[in-house]
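Report on the structure given below.
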Amino acid sequence: MNSILAFTFLTLYLCLPGKVCYASNLKVYATANSIRNAIAAAHKGDTLFIQSGVYKEHDIVVTTKITIIGIGYPVIDAENKYQGFIISADSVTIQGLQIQNTGRASTTDIAGIKIINARFVTIRNNKLTDNTYGVYLQNVSYCYVFNNIIQSRSTSEINNGNGVHAWKSDHLLVKGNTCTGQRDGIYFEFVTDSHIEDNNSYSNLRYGLHFMFSHDDTYTHNIFKDNGAGVAVMYSHGVIMKDNEFIHNWGDASYGLLLKEITDSKIEHNHFLKNTVGIHMEGTTRVDVKHCLFEDNGWALRVQASCSGSNFMENNFIGNSFDVATNGTLMLNFFNHNYWDKYDGYDLDKNNIGDVPYYPVSVYSVVTEKIPDAMILYHSFLTDIMDKVEKVLPTMIPDKLKDDNPMMKKLKL
Amino acid sequence: MRTIIKYVLLDLLKNKTIIVYTIILAALSVSVLSMGSNATKGLLSLLNITLLFVPIISILFSTIYFFNSIEFTELLLAQPIKRKTMLLASYTGVAFALGIAYIIGIGVPVCIFSYGPAALTLIISGLFLSLIFSALALLIFVLFKDKTKGIGAAIIIALFFTLLFDGLLLSFIYSFSDYPIEKPLLGMISLNPVDLGRILVLLQLDVAVMMGYSGALFKKFLGSATGSIYVFACMMFWIVIPLFLSVRKFRKKDL
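Protein chains in written order, with the working numbering: chain C, 2 to 414; chain V, 931 to 1185.
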């Protein structure tokens, strides 16, 4: 009898919630508040298929684990006043939507998709157009931002937000996104153990990538091009930067890569092409720059005297106006086995390594670093002569800053 | 006057030095422009060539030419021709010849390979430098009786403007680096046509951003319409003042 009763209860237990158990697929069409109502009616694990059309909806709050998939890029328009999606549940997926025209406010950070205190959220293949912030991640972990196209036409840095904005998060993967016209393409603050891969961040108003207090992160295979001030990586340790391209970040106050207070990091196989300054380093410790290409930059490297213990090994320096500039005579960094196109030494034993050291800091760059006004003599005959004289009789340039084993031929990277 | 100009010009266009000068300029610019992958770099090299060679060649060649043609001048002055006309006519001839050489040597290749505002500025400043330094040569010719002394003075003037002036400017910048010297610098640059030409061309190229704060200031001023007029006026002064002085001196010169 007991066993029969138990069986009945078990059957009831399994069958009664059955209606909730099985995830259902719902189609949503463009009528007033249709998405909002559909989400309110949806149960855990449901999938909403948003059909193409224009949805004038805003502040859509997602608090249950659901999947939202757009069919033919439905447009969610926030009418220049409101926010787009606000997600505060774990394991939500948003895919294939076009979210546009969020409002602009100075009191709250208004975003196309905002994720707050959640985990395992996936934002995939969306188009985020003319939003203040594109994807905004706040106190989240294990979130994936894939293949989104984030763009804005704003011209003012103040009214504009970042493409992908992450704050106090961990284990993020930001991959294959295109960010353009935002304030910062990708912004990381207090974000740890994350990866930034294959993104294309160009023509942003300030930085292509802005990175602060974010430790043990890796960014690889990204392209940062034509950004207002290039890429800034600050106050972090254990950052790995590989195979990125920093192209044409050209302007009065523009850097390919700005490093400030960075420790124990690796910069490898990156290309720095036509930036005002390739890498600007300030207060860095133990940063290895290896196998990078510096081509056609104004200054390839600007290593302030506050940097120490960094190694610059096996890089190619080609066609830069100045190879290295520094602001002091103290130099605690090491240059070795680099190829410098301006090297005019000789190689008697034919081992492909120059027999005399190369001094990458020219006297004119020492002068201009001290007195920027002297830049007015740029490309005058006098400065060429000064450099030639200084090479024969070095007096002003920091004599510790030299490459003892300059390569005779371009390195294959 | 026109006849004299024609004579001088025809004489000069057949002159071997002018032909060699043209060919060297053309060879340099074609090789520099066709070799480089990057138009800015080619223009920068040509700018360096222009700033170094054009002043020295112009002033030396003109000085030597004026001194060598002193007999021709004396002969002509025996005719009823004003000294002023005679002097200005031979200056115009020489300046024209040097200008044509520059246009053929650098202007044409630049226009073919990398035409743009920067290229035009380069051609204009090169032309101005040719005219200015031949005017200075005329002044030297009038001031000195002896050819050797004249050539010496020409070399010194050319070196002064291409090299010494920048050295003085650098020491000025060094000594007054604690003060806001951008505006005085702008004034001082106007005292040297070579620097004026260099900065004009640099501002047209995108390397201008490397000139930093002072560069931005120059761009703001020299990039404006007033700035262009100012530079043009400065360059014109550099032609007109030596010419004026030499005409005045030549009037009373004992030939």
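Even glycine gets a Cβ: it sits at the ideal position worked out from N, Cα and C.
Bear in mind that the values here come from a model prediction, so they are computed numbers and not experimental data.
Residue of the options minimising C-alpha distance to residue i
i, options, result
"C/Q305", "C/V367, C/D348, C/Y340, C/Y344", "C/V367"
"C/V299", "V/F1148, V/A1138, V/L1175, V/F1151", "Checking the displayed sequence, the identity of residue 299 of chain C turns out to be Gly instead of Val. Closest option to C/G299, Cα to Cα, is V/A1138."
"C/S309", "C/N160, C/M332, C/D400, C/N316", "C/M332"
"C/F214", "C/Q183, C/W168, C/W251", "C/W168"
"C/L414", "C/N316, C/Y203, C/R207, C/K28", "C/N316"
"V/L1068", "V/R1181, V/I953, V/P1172", "V/P1172"
"V/L1089", "V/P1123, V/D1184, V/L1018", "V/P1123"
"V/L1175", "V/V1072, V/D941, V/M965, V/R932", "V/V1072"
"V/A956", "V/S1120, V/F1043, V/E1004, V/I1000", "V/F1043"
"V/I1087", "V/L1098, V/L1066, V/F1102, V/L1057", "V/L1066"
"C/A41", "C/T32, C/K351, C/V55, C/T64", "C/T64"
"V/L1130", "V/K1149, V/S964, V/D1096, V/L1115", "V/K1149"
"V/G972", "V/I953, V/I1036, V/I948", "V/I1036"
"C/K226", "C/F247, C/I77, C/V390, C/L383", "C/F247"
"V/V872", "V/G1023, V/L974, V/I994", "With chain V running from 931 to 1185 in the structure shown, residue 872 of chain V is simply not present."
"C/D244", "C/I263, C/I197, C/L259", "C/I197"
"C/S107", "C/N321, C/T133, C/L378", "C/T133"
"V/L1185", "V/V962, V/L1017, V/K944, V/M965", "V/L1017"
"V/S1105", "C/V390, C/D385, C/L259, C/A375", "C/A375"
Nearest-angstrom beta carbon gap, residue j and residue i [assumed within contact, 8 Å]
i, j, result
"C/F1", "C/N339", "Residue 1 of chain C lies beyond the residue range present for chain C, which begins at 2 and ends at 414; the question has no answer from this structure."
"C/Y344", "C/P395", "With 8 Å as the limit, C/Y344 and C/P395 do not qualify as a contact, their Cβ atoms being about 15 Å apart."
"V/T1156", "V/L1052", "Contact flag wrong, Cβ pair sits at about 22 Å."
"C/K410", "C/N353", "6 Å"
"C/K403", "C/F336", "7 Å"
"C/P358", "C/V325", "Not really, about 13 Å apart at Cβ, beyond 8 Å."
"V/I1085", "V/L990", "7 Å"
"C/S142", "C/R120", "5 Å"
"C/S381", "V/R1178", "At roughly 33 Å, the Cβ-Cβ gap does not stay under 8 Å, so C/S381 and V/R1178 are not in contact."
Partner residues on chain C for residue i, Cβ-Cβ distance less than 8 Å
i, result
"V/I989", "The premise fails here: V/I989 is roughly 15 Å from chain C at the closest Cβ pair, so nothing lies under 8 Å."
"V/S977", "Ser is not the amino acid found at residue 977 of chain V; the sequence shown has Leu there. Those are H380, listed as they occur along chain C."
C-alpha distance - residue i paired with residue j, whole-angstrom precision
i, j, result
"C/D405", "C/K291", "16 Å"
"C/S92", "C/N334", "46 Å"
"V/L1132", "C/M242", "35 Å"
"C/S195", "C/L173", "5 Å"
"V/S992", "V/I1070", "10 Å"
"V/Y1045", "V/L958", "17 Å"
"C/H272", "C/A233", "16 Å"
"C/S266", "C/R287", "7 Å"
"C/T327", "C/Y83", "48 Å"
"C/I95", "C/H238", "32 Å"
"C/H211", "C/T193", "14 Å"
"C/I100", "C/C144", "19 Å"
"C/D171", "C/K351", "51 Å"
"C/A254", "V/V1170", "41 Å"
"C/T219", "C/F189", "12 Å"
"C/K401", "C/G252", "31 Å"
"V/L942", "V/L1006", "17 Å"
"C/V240", "C/L383", "42 Å"
"C/K261", "V/W1168", "49 Å"
"V/G1023", "V/T933", "10 Å"
Own chain partners of residue i with C-beta closer than 7 Å, once the 5 adjacent residues on each side are dropped
i, result
"V/S1060", "V984, S988, A1025, L1028, G1029, Y1032"
"C/G182", "Q152, S153, R154, S155, S204, N205"
"V/L940", "none"
"C/I36", "V29, I51, Y56, E58, I61"
"C/N81", "N102, G104"
"C/A24", "G46, D47, T48"
"V/F997", "F1071, K1077, G1080"
Cβ neighbours of residue i in the same chain (closer than 6 Å, five flanking residues each side left out)
i, result
"C/T200", "Thr is not the amino acid found at residue 200 of chain C; the sequence shown has Asn there. Correct list, in chain order: N178, N223."
"V/L1135", "T970, A1048"
"C/V136", "I114, I124, V146, V165"
"V/M931", "T1015, A1019"
"C/N250", "N228, G231, G257, N276"
Chain-ordered neighbours of residue i on chain V, where CB pairs are closer than 9 Å
i, result
"C/G252", "V1139"
"C/D388", "Going along chain V, no residue has its Cβ under 9 Å from C/D388, so there is no contact; the nearest lies around 13 Å."
"C/T277", "V1139, M1140"
Chain-ordered chain V contacts of residue i [CB-CB under 8 Å]
i, result
"C/M376", "M1140, M1141, G1142, S1144, G1145"
"C/G299", "V1137, V1139, M1140"
"C/P373", "G1142, Y1143, S1144"
"C/S322", "V1137, M1140"
Proximal residues of chain C, C-beta to C-beta of residue i below 9 Å
i, result
"V/D1096", "L378, S381, F382, L383, T384"
Close beta carbons around residue i, own chain, < 8 Å, minus the five adjacent residues each side
i, result
"V/R1181", "R1013, K1014"
"V/T1092", "L981, L982, P985, I986, V1124"
"V/C1118", "Going by the sequence as given, residue 1118 of chain V is Met instead of Cys. Counting only Cβ-Cβ distances below 8 Å, and skipping sequence neighbours, we find L1099, F1102."
Neighbouring residues, chain C, relative to residue i (Cβ below 7 Å)
i, result
"V/S1107", "I372, D374"
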